[in-house]
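At position 536 of the sequence shown (counting the first as 1) the number is 535 in numbering that gives the first Met the number 0, and the numbers step up by one without a gap.
The structure appears right after this line, and notes come after that.
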Amino acid sequence: MAEAEGTTGGPARPRRGDGWGFRMTALAWIVLAATPLYLNFVLSFAREDAKKPAAAAAPADAVDAQQVLTVARGGSSGADSNLPTVARIYNDSQWTILTAVLALALASYWRLFPIVWRAVHSGLAPHVAMLAVIFLVWLIYGGLSSMGMPGLFWSPERGDQFMAGLGSALFVFWMLYLVFVSDYEAHAEDPEHRLWIRLAPALEAFLPPWLDRLVPARATASGQMIGFVFFAASPALLLLAMPAVLPTIRAGAVKDVVAADWLLGLGAGVAAAVLVVTTRIPTRLNELRRQAMRREFDARHLWRLDAERLDPGGNAKNMLIIVGLLYLAAWTFPGATQRLFPPAFSLCILMGVLATFVVWLGVRGHWKSRAIAAGVVLTLVAASGMLDYDVVVRDLAGVTPGSPNLYATLGEQYRYHLSLSGSMPASYGEVVDLAEFQKSRKLADGRADWEAREKILDAWSSGMKWGGPGSAPGSGGVGKPIVVVVTTSGGALRASIWTQAVLRRLDEAFPGFHRHVRLITGASGGMLGAARYVALHDEDPDARNVLAAGGRHPDFLGPIAWQIAFRDFLPNALLPFPVYNRGDVLEDAWCDYAPELRKTFGSMAARERAGTIPSIVFSPMLVEDGRRVLIGNLPMADLTVHLNGVLLDEGRDDLIRRYLEGKPKTKDGRLKTAADVDDYDLEYPSLSSFSALEFSKLFGGHEALDHLRLASAVRMSATFPFITSVVALPTFPARHVVDAGYYDNYGVNLGAAWINSHREWLRRNAAGVLVVQVRAFRNEKRLKILDQEVYAPPAKPEAEASAKVYDWVAWGVGLIPQFLTLLNDGVRAVAIPAQGVAMARESSMFFRNDEDLESLHELFRRLTGDDAFFRTVVFTCDTIQVGQAAQNVETLNWYIDPVEYTQIEQNMNPHDPTTQTGRERNHLRLQRLKEWWRSRGGVAEPDPR
């Protein structure tokens with residue numbers, strides 16, 4: 000056993016372990032174990048009515064962890080409540096405990112960290128493995144919260160949380176094994192430099208004398224692997240366990256102080272790792288596979304496997320085979336695998352596959368293996384690059400029943416790219432040539448579209464005469480009708496829920512409100528709620544309220560995460576043809592939850608023209624040029640061009656002369672004359688810009704709107720890269736659409752343009768114009784107060800009914816959190832340039848929108864002489880998300896935990912400090928809106944007593 004001798008580092012070493020590292024680790028675990036007892040003790044002092052004697056407190060007065068954390072994040076409480084002080088103690092204590100446990104861990108493992116650092120830097124493979132572990136921990140502690148990733152690990156579903164803990168623990172052991180075998184193989188020729196030579200003394204010093212037997216004097220290869228994996232995993236497991244007993248740093252709703260299912264999952268993961276590592280199951284499986292290939296079976300050899308044999312390449316191959324079978328099962332039985340492997344567990348599998356593949360390439364003995372793998376991957380990526388239309392709109396690709404197929408075939412796309420041609424091939428058939436489309440559009444079309452919209456308004460107005468045929472049911476108003484435009488912000492599922500809540504409350508407050516709404520615009524998730532509102536009113540135009548509160552809480556993120564883990568990244572990303580993708584999954588999940596989203600624009604067109612339902616216009620942005628695509632039944636050509644006829648241009652005759660000097664040719668090859676030159680050739684000299692394309696005209700030859708479903712339009716308007724796949728339109732050259740929020744996340748720009756275009760009609764025929772702004776986040780103070788940061792966290796609540804001893808305790812436990820805050824502020828200075836770029840985009844939308852609305856107010860004041868003719872009201876959603884330092888401002892999250900879901904739905908109600916629901920400012924704004932509405936001749940329901 001020459002190799003065994005070389006890997007032990009020489010003769011047996013004397014034991015020098017003092018065991019302090021082990022003792023401090025044990026102390027850290029004891030602190031964590033005692034933390035729930037302490038936190039429950041603190042909670043026992045929290046009462047809404049602090050003046051009531053403790054003995055007289057009823058069970059109903061009990062305050063749970065969720066409520067205390069909400070108050071700690073800025074939520075309010077009763078005047079006689081001691082919740083602010085108790086919440087501060089409760090919150091700051093956890094940060095103090097976190098700091099203490101981390102300090103104990105650093106003191107315990109200070110010898111281990113340099114060894115792991117050196118092992119990681121031995122090659123690319125260990126870098127990938129360790130970065131994967133860091134990424135996992137980051138997700139668990141709140142990383143990528145804007146995409147909802149932490150919620151996958153802290154799901155309120157007990158089974159999902161258990162599997163997330165199990166997957167996280169197994170993933171850590173998996174990655175540490177890869178780090179070990181990478182180092183082991185890298186030093187095959189110089190075993191004296193393997194990490195065990197440095198690890199053994201550190202492990203001996205860590206363990207107390209009575210555990211010396213765990214570190215053999217001459218460790219075998221498998222013994223070294225076991226020692227490293229479990230020693231290196233112990234601090235990682237400590238990190239994974241802390242959020243389970245510290246609710247402050249745990250994402251999502253907090254039902255209990257302790258996330259017991261997560262801890263059980265971690266324990267199960269450790270037990271499984273012990274079984275796999277100590278019995279060397281992967282190595283035995285590899286030996287069994289080899290025996291099967293040789294058509295022989297030697298149970299004795301299989302049982303007495305050489306302890307010096309690690310076989311990392313074979314183990315990696317086995318792992319890839321096992322995971323490959325798992326992927327095959329996911330393709331064959333998707334429903335069963337989705338139930339068996341929740342999203343968080345699936346993501347762990349995906350990251351593990353990638354790291355294992357890198358390690359497998361790293362331990363191969365011949366360069367040909369790496370070259371072949373790299374060549375295959377590059378070839379597949381290049382083949383995918385030949386696809387102009389890799390992600391399609393299914394309603395334009397012949398996938399949905401009766402829909403046309405406007406896309407070029409796979410073979411046609413390959414032939415076009417291999418031909419190196421720059422012009423659209425004739426074989427592309429139904430694909431729209433953008434150049435020809437633009438040449439076919441005339442600036443005079445804008446006038447025709449404007450007149451068509453005025454006719455729609457006339458039809459609506461005739462039906463809105465109070466008490467006349469087709470009038471709003473039960474409205475009972477007098478005089479001219481009020482015109483309402485609704486603009487809704489992006490914000491994924493949060494924005495959708497909030498938009499539904501606002502529109503539901505407005506339907507309740509104002510009889511026939513939906514009949515007053517003439518246009519709905521917006522972005523991303525807000526348009527999901529708006530689409531449901533319009534579709535349900537289309538099904539029953541006379542219904543008073545179509546959006547019921549409560550009901551099933553949807554989880555749209557889980558299907559996306561599963562699709563990414565088992566389909567989109569591997570193998571879909573390498574397949575050279577369009578496939579079912581995560582965007583399609585999200586679209587189908589919406590339709591399953593809200594079947595009305597299967598409605599097509601064509602099916603709603605008649606009611607829109609009659610004015611019985613609102614018009615809804617989606618406006619996703621084109622990636623290639625920043626223009627919007629206006630998707631809706633309304634003709635809007637006049638709103639897509641700017642400064643037509645206003646510019647002092649170069650002069651058409653001079654431009655034609657200069658253009659002809661270049662001797663341009665027509666399609667048939669002859670030289671162009673002045674008669675052949677059009678505005679397209681001259682780059683539209685009298686026009687400043689085309690800011691948008693109309694979907695209805697772009698694909699008008701195929702009546703695309705008759706087949707385009709609301710769900711598809713929402714998907715295009717809510718396409719944020721990486722969360723959902725970017726859709727390619729069937730145009731030449733291909734154009735990709737992304738989230739409408741890139742251009743205007745609040746929809747005000749388009750709504751204001753529509754109002755301005757009909758200013759004279761509105762002056763003559765409307766009693767007033769109202770713009771309802773639905774914003775998914777609280778931002779009023781930040782927009783007006785100069786010292787407020789973006790979505791600034793609320794100030795620390797002051798004690799309202801607390802004893803001095805509480806204040807002293809709160810001050811003591813808050814010292815460490817305050818110090819951590821100062822450190823964070825110092826580090827944040829590095830990100831100031833990037834923050835400036837982000838805020839330039841975010842803030843400019845707010846301010847430009849406000850300027851547009853102010854201009855409209857001044858315009859109507861001059862036209863009507865009535866200062867109150869035009870008004871806007873803003874309803875903002877303010878929730879304090881547990882686990883965050885401020886309100887939840889995550890804009891890409893398609894999952895909302897049940898607690899926040901309820902908070903969002905009830906944010907139009909008066910504030911209730913007991914349940915921490917409702918928002919007083921929204922309630923008061925609704926009252927002001929009712930006053931204005933009545934002053935314009937409308938009817939509003941009386942306030943409930």
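Backbone N, C-alpha and C define an ideal beta-carbon position, used for all residues, glycine too.
- Uninterrupted alpha helix (DSSP H) stretches at least 4 residues long and entirely within the segment 180-267 occur at 194-205 and 220-244, given in chain order.
- Secondary structure note for residue 734: its beta strand (DSSP E) is the uninterrupted segment 734-737.
- Note that the C-beta distance between residue 647 and residue 681 is not below 7 Å.
- Between residue 894 and residue 147, the C-beta gap is smaller than 7 Å, which places the two residues in contact.
- In this structure, residue 575 and residue 382 form a Cβ contact; the two beta carbons are roughly 4 Å apart against a cut-off of 8 Å.
- Between residue 916 and residue 902, the alpha-carbon positions lie close to 5 Å from each other.
- Taking C-beta atoms as the reference points, residue 628 and residue 689 fail to come closer than 7 Å.
- Annotation: the segment 634-660 contains the following complete segments of the alpha helix (DSSP H) (minimum length 4 residues), in chain order: 651-660.
- Burial check for residue 39: the Cβ neighbour count within 10 Å stays below 16, so the residue is exposed.
- Look at residue 335 here: in three-state DSSP terms it is helix.
- Looking at 234, 700, 585 and 367, the one whose alpha-carbon comes closest to that of residue 892 is 585.
- For the pair residue 127 and residue 343, the CB atoms are not nearer than the 7 Å cut-off.
- Spanning the alpha carbons of residue 499 and residue 771 requires a straight line of approximately 13 Å.
- Counting of Cβ neighbours within 10 angstroms places residue 41 among the buried residues, the total reaching 16 or more.
- Between residue 501 and residue 275, the CB-CB gap reaches or exceeds 7 Å.
- For a cut-off of 8 Å, the C-beta gap from residue 396 to residue 430 is around 12 Å, too long to register as a contact.
- For residue 95, the uninterrupted alpha helix (DSSP H) segment begins and ends at 82-107.
- If you keep only unbroken beta strand (DSSP E) runs of at least 3 residues inside the segment 444-529, you get 481-487 and 516-521.
- For residue 234, same chain residues with a beta-carbon under 6 Å away, outside a window of 5 residues either side, are 104 and 108 in chain order.
- Residue 159 is positioned such that its CB atom lies no closer than 7 Å to that of residue 400.
- Under the three-state reduction of DSSP, residue 605 is assigned to helix.
- For residue 874, the enclosing beta strand (DSSP E) stretches over residues 869-875.
- For the pair of segments examined, the segment 530-547 was found not to touch the segment 558-569: the number of CB pairs separated by less than 8 Å stays below three.
- Looking from the CA of residue 394, the closest CA among 548, 598 and 132 belongs to 598.
- Contact check between the segment 708-718 and the segment 403-419: fewer than three CB pairs, one atom from each, fall below 8 Å, which does not count as touching.
- Between residue 31 and residue 244, the gap from beta carbon to beta carbon is short of 7 Å.
- Unbroken beta strand (DSSP E) runs of no fewer than 3 residues, entirely contained in the segment 661-738, are found at 691-693, 726-728 and 734-737, following chain order.
- In this structure the segment 925-935 does not lie against the segment 525-532, because fewer than three pairs of beta carbons, one per stretch, are closer than 8 Å.
- The C-alpha of residue 86 is placed about 42 Å away from the C-alpha of residue 336.
- Beta-bridge analysis with DSSP links residue 599 to 708.
- According to the DSSP assignment, residue 117 belongs to the alpha helix (DSSP H) that extends over 111-119.
- Looking only at 176, 846, 703 and 753, the smallest Cα-Cα distance to residue 782 is reached by 846.
- In this structure, the beta-carbon distance from residue 118 to residue 171 does not fall below 7 Å.
- Here residue 144 carries a helix assignment [DSSP, helix/strand/coil].
- Residue burial is scored here from C-beta neighbours: residue 649 has fewer than 16 other C-beta atoms within 10 angstroms and is therefore classed as exposed.
- For residue 769, the enclosing beta strand (DSSP E) covers residues 767-774.
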